[in-house]
Structures are given as C-alpha cells and as structure tokens.
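If you read the sequences in order, they're chains Z and S. With the first sequence counted from 1, adding 235 to any position gets you the working numbering. With the second sequence counted from 1, adding 1 to any position gets you the working numbering. Don't be surprised by glycine CBs; every beta carbon is placed ideally from N, CA and C.
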Amino acid sequence: MKRLLPLVLCFALAPAAARAGFNTPGIIDFDWLAEEVACPPLADLPADAPWVPAAAQAVFGSAASTFGAEGVLIWAAIPLEAPDGQRVGILQIDLDLAYAGLGTSLPVSSIRAEYVEKRGDEVLFFGTPAEGEVWLSDLIRSFEEAGAVLGHFEFLFDDPEGRYPGCRVLRAGTFVTNPSPEKVRQHTYIPPDQPGGDVYVESGCNGDVVIVDDGESCDCGGDDTSGSGCEGDSGSESSSCEGDSGSSGCEGDSGGSGCEGDTGGADCGGGGGGGCSGGGGGCEGAARAAVAPPRPRGGPIRLVSRFFPEIVVFGFITWMRRRNRR
Amino acid sequence: MKKPSLLLIAGLLLVSPAAFAGGSHFLFEPFTGVTFNHGFSMENAVGFESGALFAVGGKLKGFPPRFYLYVRASESIFGDDEVFIDNREAYGTVSRAYTRITGGLRVVFPIVGRLRLNLEAGGGTMLSRNRYGEAGMSEVSYDEDLTVFETGIGLNYRFFEWLSLGVMYNYSYVTDTRNCDLIAGFLGERQDGRELAWSHLNVTLGLHF
Numbered sequence: 236m237k238r239l240l241p242l243v244l245c246f247a248l249a250p251a252a253a254r255a256g257f258n259t260p261g262i263i264d265f266d267w268l269a270e271e272v273a274c275p276p277l278a279d280l281p282a283d284a285p286w287v288p289a290a291a292q293a294v295f296g297s298a299a300s301t302f303g304a305e306g307v308l309i310w311a312a313i314p315l316e317a318p319d320g321q322r323v324g325i326l327q328i329d330l331d332l333a334y335a336g337l338g339t340s341l342p343v344s345s346i347r348a349e350y351v352e353k354r355g356d357e358v359l360f361f362g363t364p365a366e367g368e369v370w371l372s373d374l375i376r377s378f379e380e381a382g383a384v385l386g387h388f389e390f391l392f393d394d395p396e397g398r399y400p401g402c403r404v405l406r407a408g409t410f411v412t413n414p415s416p417e418k419v420r421q422h423t424y425i426p427p428d429q430p431g432g433d434v435y436v437e438s439g440c441n442g443d444v445v446i447v448d449d450g451e452s453c454d455c456g457g458d459d460t461s462g463s464g465c466e467g468d469s470g471s472e473s474s475s476c477e478g479d480s481g482s483s484g485c486e487g488d489s490g491g492s493g494c495e496g497d498t499g500g501a502d503c504g505g506g507g508g509g510g511c512s513g514g515g516g517g518c519e520g521a522a523r524a525a526v527a528p529p530r531p532r533g534g535p536i537r538l539v540s541r542f543f544p545e546i547v548v549f550g551f552i553t554w555m556r557r558r559n560r561r
Numbered sequence: 002m003k004k005p006s007l008l009l010i011a012g013l014l015l016v017s018p019a020a021f022a023g024g025s026h027f028l029f030e031p032f033t034g035v036t037f038n039h040g041f042s043m044e045n046a047v048g049f050e051s052g053a054l055f056a057v058g059g060k061l062k063g064f065p066p067r068f069y070l071y072v073r074a075s076e077s078i079f080g081d082d083e084v085f086i087d088n089r090e091a092y093g094t095v096s097r098a099y100t101r102i103t104g105g106l107r108v109v110f111p112i113v114g115r116l117r118l119n120l121e122a123g124g125g126t127m128l129s130r131n132r133y134g135e136a137g138m139s140e141v142s143y144d145e146d147l148t149v150f151e152t153g154i155g156l157n158y159r160f161f162e163w164l165s166l167g168v169m170y171n172y173s174y175v176t177d178t179r180n181c182d183l184i185a186g187f188l189g190e191r192q193d194g195r196e197l198a199w200s201h202l203n204v205t206l207g208l209h210f
C-alpha cells in the first residue's frame, strides 16, 4: 500500500490549469474601407470615402489568446458588401489586458491582429496592422470565464509580403461582450463608481454572474444578501443570469447608434456572419471598471472542495490499511 | 432515472453469487476503443481512444460485490476534420484531442461463472487540445481544462485468475458552467459546445494481481 501512495498522490495533486478570463460571445462593428492602390495614413483618410458599415457577432476567448489567461482573442467573420459582390472579412484581434487601463491606448506590444478577406475559400486579401489603435472603455475581469469588456479600435491593414495590393481600413470600431460590462454591473450591483482593483466576477452555481469583491468566493446555495457579498447567487428569482435576453449589447449607449439586433441569449455565433446590423456607431458611455490582476481565492469550504478527492483517497487508504492489520 | 438505477444495484447486490475466480486487490486494465463526441453539431463525432486504468480494492466479508478505487488515464483523438461552413461557403479544419484523467469507484458484481458486471462512477479532468485552421488565416489553438463527471457500465470475463477481457461503456460530461466553445463559435455551430459530453466504448484487458 505504501508503494501505491505516491502514484495516487501524483494523480490527485496534479495542478489544475489556470482559468481564463473570457469565454463569451459578443458583437463587433466598424466602418470598412477598401483601398485597392494607395494607402494613406489613418489620419489622412477622407471622411467622404465610401465607408461601408459592417457588424457581426464575435467570439471572445482567453484560452486562445497568445497572451495567456490575461489576454483575449476576439474573432469575427463579418459579411461585407463590396462592389464586386459579397465577401467575408475575418478579423482576429488578440489583446494583452494584463496592464490595460481605461481610456488610454493599449501599447503596441499588447496588440496582435490579422485580417483576411475571403469569398468562399478564395483569399482576396490578407493583412496585418500597419497602423492602428485599441483602447478600452470598460473592463470587468473574472477568475473564471465571466469577464466582460467594451473597447474600440481602428486599424489599417496591409500585406507585409506584398501579395495583396492596397489596404483595408477599419475605422470607428467597437467590440463588446455579451453580457456587456454594463449589463454585468446591473446584474451584480457593482456600483458605477467602484474603485479600481476591488471587483472581480465569477460564475455562480447556475451560471449566474456573482460579484466577488473581497477575495473570497461565494459558496453555492448561500443566502448572502449583503451589499458586498455574493449577490445574485442567493437562489432567489431576482438573481440574474449570464446571457439574459433583453436589452441591446451596448448598454449605457444613449446615442442610439449602438448594435441593433443583439438578441441576447449569449449565442456563440462569431461564424454566423450576421447578427448585428447597422453598426458604424460606438457603444459609449460605459462606467468605470475595475482593473487589477486577480488575487488568490480562499475560504475553508473551497479548500475542502478543492482537496475532496485527496481526502477521499487518504480515507480509503487508511481504512484499507486498518483492515489489512486485522 | 435514479430509481431504476438504485433498484438495479440493490437487485445485483441481492442476487450476486460468490465469485468463481479468485479475487485480487489490484487491477491494471489497458483499453482501446472509440469515443463519441456529443455537443458539437458540425464536427467529427467519432474519435479513437486508448488508455489504462489502475484500481485497488477488495471485498467485504460475506458480500459478493467487490469495490475498487480506480484511476484512469486515456487519450482520445478526433483527427483533422474538414467542416463546411454553410453561411459563407468555406471550409475550416478542426482538430481536437482529449486527455481524460479521472478517478472514482468501481463496483464489480459476479454475474454467472466468470462473468462480471462493472459499474463505475467518478470524476476528474478532461484536458482538451483544440486547433482551427482556415485558408488564408493563421491557425487558432487553445487548451482547456474541463471538469468532468463520469459513469460507466461494462462486462468482463475472467479467463484466468490473472486475466480478463471485457467491454466498458463510459459516459462523461462537463460539469463546468461554460458559455461556449470558441471553435464552435467560429463555425456558428447550432450545438456550440456549451454542453459537452462524450461516450467511450472500449475493449478492456484486465490484469489482476
């Protein structure tokens, strides 16, 4: 039995992989311009150029980010109406949010992007950013996969290898998760003026988003109704679920230029190619966000829960040894 | 569903005869077979699996069923699957593989002669490795650590005291709350990986000692 112990421990104590912050659908929109010959800098692009509003559902995932758990890969396939017929633009934006601030541009080293235009399997254009900028309006981090983000971008893509002439410009771009940070705030009662560094969210027992503002996780089935605890996880009807249907994807946007067609429901439809129509407008007016690296969680129940298999294995081995002695 | 299962187990406990072959405390059981992927509507549903189970246990005096604690490790490979994306008439290539590391309880009921029925319940982790490629764009890949619960039922025949052959069916499903699977999101799959599960059907070779 003693020889067995290391083997059992080896399996039982294997560390769990780190969890990512985002795994959610969302919406992306921008104004699109194809420059087939010359590529003027972003600042020199004429406002009266033939900009085409484009929008689609997007997928936000930290697991696929090259920046790791603190990053997010935004992936979308966007249907585009070009003069020669419909095509699809596939946009990948990979962001490092580890030290992201709100309202300021992310450093270039925190941005990786790629844009491909296709008709069926025929590649019409490929480009990486020659120029561009990404900045966040709101960000809610998560220990698990319940993060939410609202951000903006503009990019000028060209092919560094010169295979595809010209460039593509994506201007006035907005990306927002569903649920949006604003919706998460509403559902979890995070105050809009919550000081940075104190708010994280995670999924509750039934997929509810619960607020964790003191480094301690909620225990499922609890009845915490205090203002600072685990609201939304008390089992009451009032708790709000992730992906709750209803309002548009761009809460807090009172300008009326948001993303129509957001049906909620948190469908993962980045490849759907449709969804958000209109586009072109931003999702402004978001509240402040909490920005700081995650802190380790604790709590005796979580500790017992974490090591439950080990406790069972030890118990079984002890019991077997006692039986053998008899 | 629970009630018939409990009745079945209770019935088995009552009618189980004494084991024909001698009991052992340790079991090493390599296995191989197929894995059926549930939860994706557009992707390859069948993969190949191989792995091994190690179990330790024994019986209670005057009580025919034997109880084993097991640890199982296996690898399921679904290969490169070319998927047609309907709404943009393009092809994408999906590749998925899973490493299953689980542990739990196996109860062995002697049925008749050297034939035994195995029932299992356990949990563990499913490490997934996922890749997506499409013409013209960079490959996207990601790994996930999924918490799974598994149940199983199987039969084995004890040819010798030290050797048995059998067949085992396991059903494992993800207990984590998930929004979706990223690749399923890229493809716009109707079943987007929110509720992932697998059926494992394996031939087993039991080495008892």
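For the options S:T103, S:Y69, S:R191, S:T94, the alpha carbon positioned closest to that of S:V109 is the one of S:Y69. Think of a sphere of 9 Å around the beta carbon of Z:F361: the chain S residues whose beta carbon falls inside it are G137, M138, in chain order. Three or more Cβ pairs drawn from the segment 320 to 337 of chain Z and the segment 284 to 301 of chain Z lie within less than 8 Å of each other, which places the two stretches in contact. Z:V272 sits in coil when the DSSP states are folded into three classes, being neither helix nor strand. Sequence-distant partners of S:G59 (beyond 5 residues in either direction) whose C-beta falls short of 6 Å from its own C-beta, in its chain, are H26. Linking S:A56 to Z:Q292 through their CA atoms gives a straight-line distance of about 48 Å. Between S:H209 and S:L28, the CB-CB gap stays under 7 Å. For S:A185, the uninterrupted alpha helix (DSSP H) run begins and ends at 183 to 188, by DSSP. Chain order gives the chain Z residues near S:S142 as A299, where near means a beta carbon separation below 8 Å.
Excluding its 5 nearest sequence neighbours in each direction, S:D81 has C-beta neighbours in its own chain below 6 Å: T94, S96, listed in chain order. Here S:A198 has H39, G40, Y172, S173, Y174, V175 as same chain residues with Cβ atoms under 8 Å from its own Cβ, once five neighbours each way along the sequence are excluded.
Close to chain Z, meaning a Cβ-Cβ distance shorter than 7 Å, are the following residues of the segment 76 to 107 of chain S: I86, N88, R89, E90, A91, Y92, I102, G104.
Listed in chain order, the non-local C-beta contacts of Z:E271 below 6 Å within the same chain comprise G401, local neighbours out to five positions each way being set aside. Z:A278 sits in a helix when the DSSP states are folded into three classes. Cβ-Cβ distances below 7 Å link S:N157 to R117, N119, S165, L166, G167, T205, G207 in the same chain, with the five nearest sequence neighbours on each side left out; the list follows chain order. DSSP places Z:R398 in no beta strand (DSSP E); its state is neither H nor E.
Within 7 Å of the CB of Z:I325, the CB atoms of chain S belong to M138, in sequence order along the chain. In the DSSP assignment, S:H39 falls within the unbroken beta strand (DSSP E) covering 27 to 41. Annotation: Z:A298 is outside any beta strand (DSSP E) and is labelled neither H nor E by DSSP. Among the residues of the segment 305 to 333 of chain Z, those with a Cβ less than 8 Å away from any Cβ of chain S are L308, W310, A312, P314, V323, I325, Q327, in the order of the chain.
A straight line joining the alpha-carbon of Z:R322 with that of Z:R354 spans about 5 Å. Residue contact with chain Z for S:E151: absent (no Cβ-Cβ distance below 7 Å to any residue of chain Z). For Z:E316, the closest alpha carbon among the candidates Z:W310, Z:L326, Z:W286, Z:L337 is that of Z:W286. Excluding the 5 residues flanking it on each side, S:P31 has same chain C-beta neighbours closer than 7 Å at A53, L206, in chain order. Interface with chain S (7 Å Cβ-Cβ cutoff): Z:E349 is included. DSSP places Z:S345 within a helical segment (H, G or I) once states are collapsed to three.
Interface criterion not met: the Cβ of Z:V384 is under 7 Å from no Cβ in chain S. S:G186 belongs to the set of residues whose beta carbon lies under 7 Å from a beta carbon in chain Z. Beta-carbon to beta-carbon, Z:D319 and Z:A365 are separated by about 24 Å, too far to satisfy the 8 Å threshold.
Membership of S:G194 in the beta strand (DSSP E) is indicated by the continuous run 193 to 209.
Boundaries of the beta strand (DSSP E) around S:L70: 64 to 86. Closest by C-alpha distance to S:N88, out of Z:A312, Z:W370, Z:Q327, is Z:A312.
The Cβ of Z:F388 sits no closer than 7 Å to any Cβ of chain S. Across the set Z:G324, Z:I262, Z:L308, the C-alpha of Z:G324 shows the shortest separation from the C-alpha of Z:L268.
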